[in-house]
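The working numbering puts the sequence shown at residues 157 to 591. Ideal placement from N, C-alpha and C gives every residue a C-beta, glycine not left out. Below is one structure, written out as structure tokens; the observations come after it.
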Amino acid sequence: MLLRHIGAWLNDRDWRWPALFLILGAMERVAWLIARGHLGFAQGEAANTAIAFARTGEIADVFAKGSGLTAHLNPLLPMIAGFLYRLFGIRSVPSELILMTMSIGAALLSAALFYHIFGLLGGSRRARLTALALFCLLPVNLQTESITFRIWEGAVAMALTAATLLLVIQADRAQMVSYPRIALTSLLAALLFFLSPALGLALYICTIIWAIRRLPLARWPATAAIATAALVAVLTPWTVRNYQAFHQFIPLRSNFGLELALANHPAAVSDRDNAAVFRARLSEIHPLENGGAFEKMQAAGGERAYAERLGQEAKAWIASHPGDFARLCIRHLKQFYFPPAWQWSIYGQTSKATMAKTALLWAISFCGLVGALSALLLWRGPWLYVAIVTLVPSLPYIITQPVSRYRYIVYAALLFLGCEWISRIPSWVRRTPAQ
Numbered sequence: 157m158l159l160r161h162i163g164a165w166l167n168d169r170d171w172r173w174p175a176l177f178l179i180l181g182a183m184e185r186v187a188w189l190i191a192r193g194h195l196g197f198a199q200g201e202a203a204n205t206a207i208a209f210a211r212t213g214e215i216a217d218v219f220a221k222g223s224g225l226t227a228h229l230n231p232l233l234p235m236i237a238g239f240l241y242r243l244f245g246i247r248s249v250p251s252e253l254i255l256m257t258m259s260i261g262a263a264l265l266s267a268a269l270f271y272h273i274f275g276l277l278g279g280s281r282r283a284r285l286t287a288l289a290l291f292c293l294l295p296v297n298l299q300t301e302s303i304t305f306r307i308w309e310g311a312v313a314m315a316l317t318a319a320t321l322l323l324v325i326q327a328d329r330a331q332m333v334s335y336p337r338i339a340l341t342s343l344l345a346a347l348l349f350f351l352s353p354a355l356g357l358a359l360y361i362c363t364i365i366w367a368i369r370r371l372p373l374a375r376w377p378a379t380a381a382i383a384t385a386a387l388v389a390v391l392t393p394w395t396v397r398n399y400q401a402f403h404q405f406i407p408l409r410s411n412f413g414l415e416l417a418l419a420n421h422p423a424a425v426s427d428r429d430n431a432a433v434f435r436a437r438l439s440e441i442h443p444l445e446n447g448g449a450f451e452k453m454q455a456a457g458g459e460r461a462y463a464e465r466l467g468q469e470a471k472a473w474i475a476s477h478p479g480d481f482a483r484l485c486i487r488h489l490k491q492f493y494f495p496p497a498w499q500w501s502i503y504g505q506t507s508k509a510t511m512a513k514t515a516l517l518w519a520i521s522f523c524g525l526v527g528a529l530s531a532l533l534l535w536r537g538p539w540l541y542v543a544i545v546t547l548v549p550s551l552p553y554i555i556t557q558p559v560s561r562y563r564y565i566v567y568a569a570l571l572f573l574g575c576e577w578i579s580r581i582p583s584w585v586r587r588t589p590a591q
């Protein structure tokens, strides 16, 4: 099936330009790494877990220092990286080359799939080529795509999103969809929900809308059973493992309380600098920082108990300060699509041309959001699926603090929708009667 889709893309009218942009995009990312003088490696919780898996075979030590078994993050990418580290050496050149290829390849694959999706929807070829060229050549995500996403899930999640969205749109256009195709779509949606709940939620909403729009009522029970079976099959191994490790039902992750507490607290609504407030809060309560939080976590009984306690404190503050919480939610929503400049260096990395990158992302978000609303309200039909993938993933990050790695999951959709909307402006102006 995948080979047939690749063949269809290659047979598209003049595929040479898309192929050229994708090749140049890969070359640009590799050239950026060469210019740095070293391959680098992913850092943070995912990297710590990958190293622990390479050494012990356990999903553990997410905060290093022997912090023990973890359900703090999704295990798939750390397990893959850990397996490579065990084979070729931890952060060795062969390991990092393979992980780099996977990360860059997944990012560019998602762009190629979106190019194909917008073609199926009847989008302007010029707009699709422009969006693909911008995705491949704009230097706004080089760090995340070339290094960070070697072990974090963003690039793989985007590629899986695009593949699942393609199947949904094809099903919407088809007269009849076979049960094997429904099973494949259900399995991909379940994997996506496991890997990135925000994107998985968006795709599940897409599939429900597809069922309402196109699926005969008589086929609903069997389709629901297939979708449920796929989700149970994907989540069960991790859920069972977590119950054995923590004696608690954890089907996805155990870090929600920590994320909620990082974003919602009295200092967050003060008039102080947002960057300083967040860094101070991060140092205060995040076990990966050096502000004593790791010791507090150990004293609380481990990461799960610590996250639960923080979550309870945050929920109590939210309940007693609903107005402040609402203001923070609005701020988080704005930051998800229109990131402030300080988020480029939130974890200490240096950033060049920060204001230019910020301006570019704001322009992409503005055009993309207008395009998403146009798709939802004006273009309609199967266009609404792309709008859902653009708008719904922001919902979980309204109550937490968005950062660049989270925001990436809607970048491609915003870019393609924005270019499509701009391409339609001349015809809209011509149809508008003179006053």
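Nearest candidate by alpha-carbon position, reference Tyr541, set Glu252, Phe270 and Gly181
What you label residue 541 is simply residue 385 of the sequence shown in a count that begins at 1. The shortest C-alpha separation from Tyr541 is found at Phe270.
Restricting to Cα atoms, I'd like to know which of Ala208, Gly193 and His194 is closest to Gly200.
As a working mapping, residue 200 is identified with position 44 in the sequence shown. The shortest CA-to-CA distance from Gly200 to any of Ala208, Gly193 and His194 is the one to Ala208.
His488 burial status per 10 Å Cβ neighbour count (16 or more: buried)
Within the sequence shown, numbered from 1, the residue matching residue 488 stands at position 332. By the beta-carbon neighbour count (other beta carbons within 10 angstroms, threshold 16), His488 is buried.
Please report the residue range of the alpha helix (DSSP H) in which Ser259 lies.
Counted from its first residue, the sequence shown places residue 259 at position 103. Taken as a continuous stretch (DSSP letters only), the alpha helix (DSSP H) holding Ser259 covers Val249 to Leu276.
Please state if the CB of Glu459 and the CB of Thr226 are separated by a distance shorter than 8 Å.
Position 70 of the sequence shown, counting from 1, holds the residue named residue 226. Position 303 of the sequence shown, counting from 1, holds the residue named residue 459. Taking 8 Å as the Cβ cut-off, Thr226 and Glu459 qualify as a contacting pair.
Could you give the residue range of the alpha helix (DSSP H) that holds Gly222?
By 1-based counting over the sequence shown, the position of residue 222 is 66. Segment: none, Gly222 is in no alpha helix (DSSP H) and carries neither H nor E.
Please say whether Ile406 and Thr395 have beta carbons closer to each other than 8 Å?
By one-based count along the sequence shown, residue 395 stands at place 239. By one-based count along the sequence shown, residue 406 stands at place 250. Taking a C-beta distance under 8 Å as the contact criterion, Thr395 and Ile406 qualify as a contact pair.
Per DSSP, cross-strand counterpart(s) of Ala216:
Stepping through the sequence shown from its first residue, residue 216 is reached at position 60. Answer is Leu225.
Residues in its own chain within less than 8 Å of Gly224 by CB, not counting five upstream and five downstream?
In the sequence shown, the residue the question calls residue 224 occupies position 68. The residues are Ala216, Asp217, Gly458 and Glu459.
Starting from the C-beta of Ala358, find all residues in its chain whose C-beta is less than 7 Å away, skip the five residues before and the five after it, and write them out in chain order.
Taking the sequence shown and counting its residues from 1, the one referred to as residue 358 is at position 202. Within the same chain, and ignoring the five residues on either side of Ala358 in sequence, the residues whose Cβ sits closer than 7 Å to its Cβ are Ile544, Val545, Val548 and Pro549.
Where Gly479 sits in the DSSP three-state scheme:
Here the question's residue 479 lines up with position 323 in the sequence shown. Gly479 falls in the helix class under three-state DSSP.
Counting along the chain, where does the alpha helix (DSSP H) carrying Val390 start and finish?
Taking the sequence shown and counting its residues from 1, one reaches residue 390 at position 234. Looking at the DSSP string, the run of the alpha helix (DSSP H) that includes Val390 is Trp376 to Phe402.
Assuming Ala417 and Ile441 make a contact with CB atoms under 8 Å, what is their CB distance in whole Å?
Residue mapping note: residue 417 aligns to position 261 of the sequence shown, counting from 1. Residue mapping note: residue 441 aligns to position 285 of the sequence shown, counting from 1. Contact holds; Cβ gap of about 6 Å.
Whole-angstrom distance between Cys485 and Gln591, CA atom to CA atom:
Stepping through the sequence shown from its first residue, residue 591 is reached at position 435. Stepping through the sequence shown from its first residue, residue 485 is reached at position 329. Note that Gln591 scores 46 on pLDDT, short of 50, meaning its location in the model is unreliable; the coordinates nonetheless yield the value given after this. Each residue's CA atom was taken as its position, placing Gln591 and Cys485 some 41 Å apart.
Using alpha carbons as the reference points, say which of Ser530, Ala401 and Arg563 lies closest to Glu576.
Indexing the sequence shown from 1 puts residue 576 at position 420. Glu576 has its Cα closest to that of Ser530, out of Ser530, Ala401 and Arg563.
What does the alpha-carbon distance come out to for the pair Ala202 and Ile581?
What you label residue 202 is simply residue 46 of the sequence shown in a count that begins at 1. What you label residue 581 is simply residue 425 of the sequence shown in a count that begins at 1. In this structure, the alpha-carbon of Ala202 lies about 43 Å from that of Ile581.
Neighbourhood of Cys362 by C-beta distance below 6 Å, restricted to the same chain and skipping five residues each side:
As a position in the sequence shown, residue 362 is number 206, starting the count at 1. Within the same chain, Cys362 has close Cβ partners Val324, Tyr541 and Ile544.
DSSP on Trp308, reduced to helix/strand/coil?
In the sequence shown, the residue the question calls residue 308 occupies position 152. Under the three-state reduction of DSSP output, Trp308 falls in the coil class, being neither helix nor strand.
Compute the Euclidean distance between the alpha carbons of Gly279 and Ala431, then round it to the nearest angstrom.
What you label residue 279 is simply residue 123 of the sequence shown in a count that begins at 1. What you label residue 431 is simply residue 275 of the sequence shown in a count that begins at 1. Their backbone Cα atoms lie some 40 Å apart in a straight line.
Cβ distance (whole Å) where Ala263 is taken to contact Glu301 below 8 Å:
Along the sequence shown, one-based indexing puts residue 263 at 107. Along the sequence shown, one-based indexing puts residue 301 at 145. About 4 Å separates the beta carbon of Ala263 from that of Glu301, a gap short enough to meet the 8 Å contact definition.
With a 10 Å radius around its C-beta and 16 neighbouring C-beta atoms as the bar for buried, classify Glu309 as buried or exposed.
In the sequence shown, counting from the first residue as 1, residue 309 sits at position 153. Buried, since its Cβ has 16 or more Cβ neighbours within 10 Å.
Determine the burial state of Gly537: buried for a count of at least 16 other Cβ atoms within 10 Å of its Cβ, exposed for fewer.
In the sequence shown, the residue the question calls residue 537 occupies position 381. Exposed, by the Cβ-count rule.
Judging by CA-CA distance, which residue of Ala367, Gln299 and Gly356 is the nearest neighbour of Met332?
Taking the sequence shown and counting its residues from 1, one reaches residue 332 at position 176. Proximity to Met332 across Ala367, Gln299 and Gly356 peaks at Ala367, based on C-alpha coordinates.
Burial state of Val312, where buried means 16 or more other Cβ atoms lie within 10 Å:
Against the sequence shown, residue 312 aligns to sequence position 156. Buried.
By how many angstroms is the C-alpha of Ile565 removed from the C-alpha of Thr592?
Any answer about residue 592 is impossible in this case: the structure gives the chain only from 157 up to 591.
Give me the residue from Phe291, Gly238, Pro234 and Arg247 with the minimum Cα distance to Ile260.
Along the sequence shown, read from residue 1 onward, the residue named residue 260 stands at position 104. Answer by Cα proximity: Phe291.
How many whole angstroms separate the CB atoms of Asp480 and Val526, which I take to be in contact at a CB cut-off of 8 Å?
On the sequence shown, residue 480 is found 324 positions in, with the first residue counted as 1. On the sequence shown, residue 526 is found 370 positions in, with the first residue counted as 1. About 30 Å separates the beta carbons of Asp480 and Val526, which is beyond the 8 Å limit, so they are not a contact pair.
Pro234 lies in the alpha helix (DSSP H); which residues open and close that run?
Within the sequence shown, residue 234 is the residue found at index 78, counting from 1. Pro234 -> alpha helix (DSSP H) spans Leu232 to Phe244.
Between Ile502 and Phe412, what straight-line distance do the alpha-carbon atoms span, to the nearest angstrom?
Within the sequence shown, residue 502 is the residue found at index 346, counting from 1. Within the sequence shown, residue 412 is the residue found at index 256, counting from 1. Looking at the backbone, the Cα of Ile502 and that of Phe412 are separated by about 20 Å.
Under a Cβ-count criterion, where at least 16 other Cβ atoms within 10 Å of its own Cβ denotes burial, should Ser342 be classed as buried or exposed?
As a working mapping, residue 342 is identified with position 186 in the sequence shown. Buried, since its Cβ has 16 or more Cβ neighbours within 10 Å.
Please name the residue in Ala374, Phe522 and Leu570 whose C-alpha comes closest to that of Arg266.
In the sequence shown, residue 266 corresponds to position 110, counting from 1. Per the sequence shown, residue 266 should be read as Ser rather than Arg. The option with the nearest alpha carbon to Ser266 is Leu570.
Start and end residues, alpha helix (DSSP H) containing Trp171:
Along the sequence shown, read from residue 1 onward, the residue named residue 171 stands at position 15. Neither: Trp171 is in no alpha helix (DSSP H) and is coded neither H nor E.
Between which two residues does the alpha helix (DSSP H) carrying Met511 extend?
Within the sequence shown, the letter at position 355 stands for residue 511. If you look at Met511, you'll find it in the alpha helix (DSSP H) that goes Thr510 to Ser530.
Pro174 versus Ile273 - alpha carbon distance
As a position in the sequence shown, residue 174 is number 18, starting the count at 1. As a position in the sequence shown, residue 273 is number 117, starting the count at 1. So the alpha carbons of these two residues sit roughly 13 Å apart.
Just the Cα atoms here: how many angstroms apart are Ile246 and Phe197?
Within the sequence shown, numbered from 1, the residue matching residue 246 stands at position 90. Within the sequence shown, numbered from 1, the residue matching residue 197 stands at position 41. Computed Cα separation, rounded: 10 Å.
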